[in-house]
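**Q**
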Amino acid sequence: MKIGILGPSEDEINPFIDKLKNQTITKHIMLNFYSGQYHDVLVVGAFCGGCKVNAAIATQVLIDKFQVDLIILTGVAGSLNDNLKFGDVVVSTEVAHHDVVPEIITEYHPWLEDQYIKANEALKGKCIRIIKSERLGFTCHFGRIITGETFITHQQRNILIEKHQAMCVDMESASVAQVCYVNNVPFIVIRAISDNADSEAPETFE
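Quick note on numbering: the sequence shown equals residues 40 to 245 in the working numbering.
1) Does any heavy atom of the ligand MG sit closer than 7 Å to the C-beta of Ile191?
2) Rounded C-beta distance between Leu119 and Val208? I'm assuming under 8 Å.
3) Compute the distance between the beta-carbons of Met206 and Gly89, then report whether it is under 8 Å.
4) Between Ile185, Cys166, Phe190, which lies nearest to Cys179 when the distance is taken from Cα to Cα?
5) Do three or more CB pairs link the segment 73-83 to the segment 179-191 at distances below 8 Å?
6) Using C-beta distances below 8 Å, list every residue in its chain close to Glu51, excluding the 5 sequence neighbours before and after it, in chain order.
7) With a 10 Å radius around its C-beta and 16 neighbouring C-beta atoms as the bar for buried, classify Phe226 as buried or exposed.
8) Evaluate Leu175 with the Cβ neighbour count: other Cβ atoms within 10 Å of its Cβ, from every protein chain shown; 16 or more gives buried, anything less gives exposed.
9) Taking all protein chains shown into account, do 16 or more other C-beta atoms lie within 10 angstroms of the C-beta of Val130, making it buried, or fewer, making it exposed?
10) Which one of Thr132, Gln76, Lys91 has the shortest CA to CA distance from Ile229?
11) Do you know how far the Cα of Gly46 is from the Cα of Val92?
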């Protein structure tokens, strides 16, 4: 079993990379891929950069070059649910692009059944077991995550909530999910809430 872990920024991925033993670094396509062991599990971690294309490129490299068996995308996200507090964690049940017309990916490649790409059920089950068995010190939620390449204004936030009923919004998850889908590689997204996906989001994010 080899696990790929991606984070959009160095701050989001370094806590995982720091825990890897016997590290080796592979420089490829202007990125550093950190291979090592976490206990008895092989892990390849990378800071992929923000937004969809960067995340998609790094995901395909993890699959093709490093032959990972599953991919975890982690990092922060903006809340679209008033019950979420800063620091709460959202685990994906499914993800979607909020800035792509659904027909683009349902009527054309990769011919999805609908716009929402479902996370792997076995990985969700593992997350549920961990949450129930560990004292994590934060609150976890399961739900839909949506992706678009912009910070959200207050007006846009209300529109997205009504349209998608998602828990949170980010800039990478749907692209990682789509790459995993076409490669038949299991994925899951685990995001911590950093802002309220509104006009104050850039400052709150920092």
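Beta carbons are placed, not taken as given, at the ideal position from N, Cα and C, and that holds for glycine. A quick note: this is a predicted structure, and the numbers were derived from the prediction, not measured.
**A** With the given structure in hand:
1) Of ligands this structure carries none, so the ligand MG is not represented either.
2) Indeed, because the Cβ distance is near 6 Å, the residues count as touching under 8 Å.
3) No, the Cβ-Cβ distance between Met206 and Gly89 is not below 8 Å.
4) For the residues Ile185, Cys166, Phe190, the minimum Cα distance to Cys179 belongs to Cys166.
5) These segments do not touch.
6) Counting only residues of its own chain and dropping the five nearest sequence neighbours on each side, Glu51 has a CB closer than 8 Å to the CB of Phe86, Thr113, Gly114, Val115.
7) Buried, because 16 or more other Cβ atoms sit within 10 Å of the Cβ of Phe226.
8) When all chains shown are included, Leu175 counts as exposed.
9) In summary, Val130 is buried, with 16 or more beta-carbon neighbours lying within 10 Å of its beta-carbon over all protein chains present.
10) Put simply, of Thr132, Gln76, Lys91 the residue whose alpha carbon is nearest the alpha carbon of Ile229 is Thr132.
11) C-alpha of Val92 to C-alpha of Gly46: approximately 14 Å in a straight line.
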